[in-house]
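Q: The structure is given below, and queries will be raised subsequently.
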Amino acid sequence: MAILVDSETKVLIQGITGKSGLSACADLLDYGMKVVGGVTPGKGGQEALDLPVFNSVKELVSDLGPVDCAMVNVPPLLTLDAAMEAIDAGIPLIHIFAERVPVLDTCRILYRAKEKGVRVLGPNSVGAISPSEGKVGSIGGPNAKITFSKGPVGVISKSGGMCSELGSMITNAGFGQSTVVGIGGDLLVGTTFVDVLEMFEGDPQTKVAVMFGEVGGNAEIEAAKLVAEKKFTKPLIIFLAGKFAEKLPKDTALGHAGAIVGLDSTMEQKVASIKKSGAILAENFEDIPGILKKVIK
Amino acid sequence: MKLYEFEGHNLLSKVGIESPFFVACSNMEEVEQARQRLRFPIVAKVQVLSGKRGKGGGIKICTNEKQLLDFCKGMFGSTFADEQVRFISLAEKAQIEGEYYASITYDTTLKIPFLLFSKSGGMDIEEVKKNSPDEILRFDIDPFSGPNKKELFKNLGDEKLVDFLVRLWDAFVRYDCRLVEVNPIAKVGDDYLAVDAKIILDDAGLARHRDLDVLQKGSAGAVPTERELAARKIDEEDYRGSAGSTFIEFGGDIAVLASGGGASLLVMDALSEVGGKPSNYTEYSGNPPQEKVEKLTEITLGKEGLAGCLVAGAVANFTDIYATLAGFCDGLLKVKPKPNYPIVIRRGGPRQKEAYEMLERFAKKEGFDIHLFGPETPISVACKKMVELSEEFKRERPGL
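Keeping their order, the protein sequence lines are chains A and B. Following the working numbering, the numbering of the first sequence begins with 55 at its first residue and continues without gaps. Following the working numbering, the numbering of the second sequence begins with 20 at its first residue and continues without gaps.
Right, here's the structure in full:
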């Protein structure tokens, strides 16, 4: 069983004629995904990689029928309008790729999505993959089949690079992944660590979860709370990155827009709440395969 | 981007929020000129980005000229909360009848903006939260329609105060703020004035406010370094991928070109763990074009006294490793004097093998000391190697 995506997921790509849209589309097709078409305003009637291009999401849906996932691959300042279009067309899952979407725009997207019961993955998300089932977004790029392999480990990271790094590390250690989810590194994201853990809890394929945590925000503390309250009952391994940054002035942002020193909680508070909750804190990143060997019997 | 208080007041004035008349001064001459336009008592406030100015002695109510000049002379150029004082604002002291607190920011768990209001203004809000949490009112905000005016009026019972708070929301939305905080809001007669202004702009929103008149700030310090400004320009000129948006200088001797928001944190932790002293923090990601990596390399390695360069990142998803590392080579050739210190590269992802073959040829041809590690080598191992090579390099050149 897979969470978020499987081999039957029908995908449309907004911004399909752009550079990132085209390359994501090619990788999806290569992975065997059902990409039904794309949207680029003003380019309706054209084709991209032999797929039909429409002027709007509404036109695409009325022509091709219901779609399960809209991938928004447009520049950051155009993301609000594109995502609103997909939400209003009733697409149940929206993946947002762009980095540097203004937080107000994200907030409005997520607010409207919540009202309409739409799940948003991102912004600034690399996507999600259930190895040998399906994927959305740019996760794994052209190497998705080499980096990821099917298995019992659920993986969650804000960072796209670390999704691949973890996938590769877990694959090389002889385990595979159930689903790997890049939730995005922004201050506000549609799908959080907690949301994914709740999905992993209900997924029989997932036996253990690995989470790549970062400096800033409350997400790791919320996840630890879930473990403490027995709402996530499988082993959870958490690694925390960005300890060096604790020496920097409060409010310094690093790489990810949400990695803000001292925002909501400190590293120390995160470590304390993880240790107290019963989740496993990986002191070193390369300890993760060893811990996996111990918890998967 | 954090704003100075005086920049915050200027921004708030654009939505009709007034402050007591003030003049921001950057030297004693300006102080003496400003003094002619103001009546004593004058409130002099150092302009620094960190809070707690009152407690730290950065605010003085001056009743005569000598007090004012002595305070400003002592403060200009001095270090206040790790920051050099470059500006002091002078304002006439208002006849305050009441002090309140208000702020708007995002709740990252509920993912909505919210307004906090307290009748205990002028105090540290964290202390109010601890000691008398009942005094703080919280209003959740619909990000489309803004605060509910009826609800605000029901709780506050003052039309003008409600108007002030709605204007605060206007500023928050119109200028893409991450935080607006006024502490205190002063009641002067029937009016409400912002006596302080703490504003943090959303960096991602800056692209829509190019006309906003604010000073450039550093990623970590108040004043950006030259290298930091040069690095920031790379993304401003080309939206594809990102390179150098965050650039922090640390003063160590190992230059760092990390990749990816998450991996860059891991790299810095791992390098520090084994005793490496990074010269900087920066990262590129999202498949930036070759030229952007070239520019970032030139800027990062343009520093004197380096004893190593670490190019490290995770297994990339869609970043073209060949193109980005070719950009690194282009940049390397431009650095003067030619880097003779060890260079450690650890990457994985699309076209990594091709890239490494190219790098081996490049190192041999151009005479660079490049050490290559693929995805099978943990990032921490590459960091350890970097520190060992760098130590060896320094031993061989004791003058460095």
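Yeah, the Cβ is synthetic: ideal placement off N, Cα and C, and Gly gets one too. Here the structure is a predicted model, which is why all the values come from computation and not from measurement.
1) Cα separation between A:Gly-152 and A:Gln-68?
2) Alpha carbon to alpha carbon, what distance is there between B:Gly-263 and B:Thr-301?
3) Kindly indicate if chain A contains any beta-carbon less than 8 Å away from that of B:Gly-140.
4) Which of the three DSSP states is assigned to B:Thr-98 in this structure?
5) Do A:Ser-213 and A:Pro-185 have their beta-carbon atoms positioned less than 8 Å apart in this structure?
6) What residues in the region 196 to 220 of chain B have a beta carbon less than 8 Å from any beta carbon of chain A?
7) Which residues, in chain order, does the region 116 to 144 of chain B contribute to contact with chain A at a C-beta distance below 7 Å?
8) Quick one: list the residues of chain B neighbouring A:Ser-179, beta-carbon separation under 7 Å, in chain order.
9) For my contact list, B:Asp-257 and B:Pro-308 are in at a C-beta cut-off of 8 Å; report their separation, rounded to the angstrom.
10) Taking the alpha-carbon positions, what's the B:Phe-269 to B:Ser-97 distance?
11) Which whole-angstrom value is the C-beta distance of B:Ile-389 and B:Ile-364, which I expect to be below 8 Å?
12) Say whether chain B places a C-beta atom closer than 8 Å to the C-beta of A:Pro-129.
13) Taking C-beta to C-beta, are A:Leu-83 and A:Thr-160 nearer than 8 Å?
14) Do we get a CB-CB distance below 8 Å when we pair B:Val-334 with the residues of chain A?
15) Which chain A residues are close to B:Leu-284, counting only those with a beta carbon under 8 Å from its beta carbon?
16) For B:Gly-367, name the three-state secondary structure that DSSP assigns.
17) Going along the chain, which residues of its own chain have a beta-carbon closer than 6 Å to the beta-carbon of B:Glu-442, five neighbours each way excluded?
18) Give me the Cα-Cα distance between A:Ser-336 and A:Ser-327, rounded to the nearest whole angstrom.
19) With a cut-off of 8 Å, does the C-beta of A:Thr-94 fall near any C-beta of chain B?
20) What does A:Gly-92 pair with, by DSSP beta-bridge criteria?
21) Give the DSSP-derived three-state secondary structure of A:Met-52 in the structure shown.
22) On the DSSP bridge list, what partners appear for A:Gln-323?
23) Enumerate, from N- to C-terminal direction, the unbroken alpha helix (DSSP H) stretches of 4 or more residues contained entirely within the region 244 to 287 of chain A.
24) If you follow the beta strand (DSSP E) that A:Pro-303 is in, where does it begin and where does it stop?
25) Just the C-alpha distance for B:Glu-379 and B:Arg-370, rounded to the nearest angstrom, thanks.
26) Distance cutoff 8 Å, beta carbons only. Does B:Lys-21 sit that close to anything in chain A?
27) Between B:Arg-56, B:Ser-45, B:Gln-55, which lies nearest to B:Val-65 when the distance is taken from Cα to Cα?
28) For chain A, check one thing: does any of its Cβ atoms lie closer than 8 Å to the Cβ of B:Arg-227?
29) Taking only three categories from DSSP, how would you classify A:Tyr-165?
30) Using a Cβ cut-off of 8 Å (strictly closer), state whether B:Phe-163 contacts chain A.
31) Which whole-angstrom value is the C-beta distance of B:Met-405 and B:Lys-236, which I expect to be below 8 Å?
32) Can you pull the chain B neighbours of A:Thr-201, defined as C-beta to C-beta under 7 Å?
33) What is the residue span of the beta strand (DSSP E) that B:Asn-202 lies within?
34) Per DSSP, B:Pro-132 forms a beta bridge with which residues?
35) Identify each residue in the region 234 to 250 of chain B for which the Cβ-Cβ distance to at least one residue of chain A is less than 7 Å, and report them in chain order.
36) By the criterion of Cβ-Cβ separation under 7 Å, what are the contact partners of B:Phe-337 in chain A?
A: Taking the definition as stated:
1) On the first sequence, position 98 is the one that residue 152 of chain A refers to. On the first sequence, position 14 is the one that residue 68 of chain A refers to. Looking at the sequence shown, residue 152 of chain A is not Gly but Ala. A:Ala-152 and A:Gln-68: Cα-Cα distance of roughly 12 Å.
2) Mapped onto the second sequence, residue 301 of chain B falls at position 282. Mapped onto the second sequence, residue 263 of chain B falls at position 244. C-alpha separation (whole angstroms): 6 Å.
3) Locating residue 140 of chain B in the second sequence gives position 121, counting from the first residue. Not closer than 8 Å to any Cβ of chain A, the Cβ of B:Gly-140 fails to qualify, so no.
4) For the purposes of this step, residue 98 of chain B is taken as the residue at position 79 of the second sequence. Strand.
5) Position 131 of the first sequence, counting from 1, holds the residue named residue 185 of chain A. Position 159 of the first sequence, counting from 1, holds the residue named residue 213 of chain A. Not closer than 8 Å, so no.
6) Flagged, chain order: Arg-197, Ile-219.
7) Listed by position along the chain: Tyr-125, Thr-127, Thr-128, Lys-130, Ile-131, Pro-132.
8) Mapped onto the first sequence, residue 179 of chain A falls at position 125. For A:Ser-179, no chain B residue has a C-beta closer than 7 Å to its own C-beta; the minimum C-beta separation is roughly 11 Å.
9) Numbered from its first residue, the second sequence carries residue 257 of chain B at position 238. Numbered from its first residue, the second sequence carries residue 308 of chain B at position 289. So it is a contact: roughly 7 Å between Cβ atoms.
10) The count along the second sequence starts at 1 and reaches residue 269 of chain B at position 250. The count along the second sequence starts at 1 and reaches residue 97 of chain B at position 78. Straight-line spacing of the CA atoms in B:Phe-269 and B:Ser-97 works out to 21 Å.
11) Taking the second sequence and counting its residues from 1, the one referred to as residue 389 of chain B is at position 370. Taking the second sequence and counting its residues from 1, the one referred to as residue 364 of chain B is at position 345. The pair is a contact, with the Cβ atoms about 7 Å apart (cut-off 8 Å).
12) Start at 1 with the first residue of the first sequence, and residue 129 of chain A comes out as number 75. Yes, because at least one Cβ of chain B sits closer than 8 Å to the Cβ of A:Pro-129.
13) Translated into the one-based positions of the first sequence, residue 83 of chain A becomes position 29. Translated into the one-based positions of the first sequence, residue 160 of chain A becomes position 106. No; because the gap between Cβ atoms is not below 8 Å, this pair is not in contact.
14) Here the question's residue 334 of chain B lines up with position 315 in the second sequence. Taking Cβ atoms only, chain A reaches closer than 8 Å to B:Val-334, which makes this a yes.
15) The residue you call residue 284 of chain B lines up with position 265 of the second sequence. Contact annotation for B:Leu-284 against chain A: Glu-268, Val-269, Ala-295, Gly-296, Phe-298, Ala-299, Leu-308, Gly-309, Ala-313 [CB-CB distance below 8 Å, chain order].
16) On the second sequence, residue 367 of chain B is found 348 positions in, with the first residue counted as 1. The answer is strand: DSSP assigns B:Gly-367 an E or B state.
17) This structure gives no information on residue 442 of chain B, because the portion of chain B shown stretches from 20 to 419.
18) Start at 1 with the first residue of the first sequence, and residue 336 of chain A comes out as number 282. Start at 1 with the first residue of the first sequence, and residue 327 of chain A comes out as number 273. According to the sequence displayed, residue 336 of chain A carries Ala and not Ser. Rounded to the nearest angstrom, the gap between the Cα atoms of A:Ala-336 and A:Ser-327 is 14 Å.
19) For this step, residue 94 of chain A is matched to residue 40 along the first sequence. Chain B, which has no Cβ nearer than 8 Å to the Cβ of A:Thr-94, makes this no.
20) Along the first sequence, one-based indexing puts residue 92 of chain A at 38. In the DSSP output, where bridge partners are listed per residue, A:Gly-92 has A:Ile-67, A:Val-107.
21) Only positions 55 to 351 of chain A appear in this structure, which leaves residue 52 of chain A out of reach.
22) To locate residue 323 of chain A, count along the first sequence from 1; it is residue 269. Bridge pairing for A:Gln-323: absent [DSSP].
23) Runs found: 247 to 255, 273 to 282.
24) On the first sequence, position 249 is the one that residue 303 of chain A refers to. A:Pro-303 -> no beta strand (DSSP E), and no H or E assigned at all.
25) As a first step, residue 379 of chain B is located in the second sequence; it is residue number 360 there, counting from the start. As a first step, residue 370 of chain B is located in the second sequence; it is residue number 351 there, counting from the start. Roughly 14 Å between the two C-alpha positions.
26) By 1-based counting over the second sequence, the position of residue 21 of chain B is 2. Answer yes: the Cβ-Cβ gap between B:Lys-21 and chain A drops below 8 Å somewhere.
27) Taking the first residue of the second sequence as 1, we reach residue 65 of chain B at position 46. The shortest C-alpha separation from B:Val-65 is found at B:Ser-45.
28) In the second sequence, the residue the question calls residue 227 of chain B occupies position 208. True, the Cβ-Cβ gap to chain A drops below 8 Å.
29) Locating residue 165 of chain A in the first sequence gives position 111, where the first residue counts as 1. Three-state result, A:Tyr-165: helix.
30) The residue given as residue 163 of chain B occupies position 144 in the second sequence. At least one chain A Cβ lies under 8 Å of B:Phe-163.
31) Here residue 405 of chain B refers to the residue found at position 386 when the second sequence is read from its first residue. Here residue 236 of chain B refers to the residue found at position 217 when the second sequence is read from its first residue. The pair is not a contact, with the Cβ atoms about 31 Å apart (cut-off 8 Å).
32) The count along the first sequence starts at 1 and reaches residue 201 of chain A at position 147. The answer, in chain order, is Val-334.
33) Start at 1 with the first residue of the second sequence, and residue 202 of chain B comes out as number 183. Residue range 196 to 207 is occupied by the beta strand (DSSP E) that includes B:Asn-202.
34) Your numbering for residue 132 of chain B matches position 113 in the second sequence. DSSP lists B:Tyr-125 as partners of B:Pro-132.
35) The region 234 to 250 of chain B vs chain A, Cβ under 7 Å: Ser-238, Ala-239.
36) Taking the first residue of the second sequence as position 1, residue 337 of chain B is located at position 318. Near B:Phe-337 (Cβ distances below 7 Å), the residues of chain A are Ser-77, Ser-192, Gly-195.
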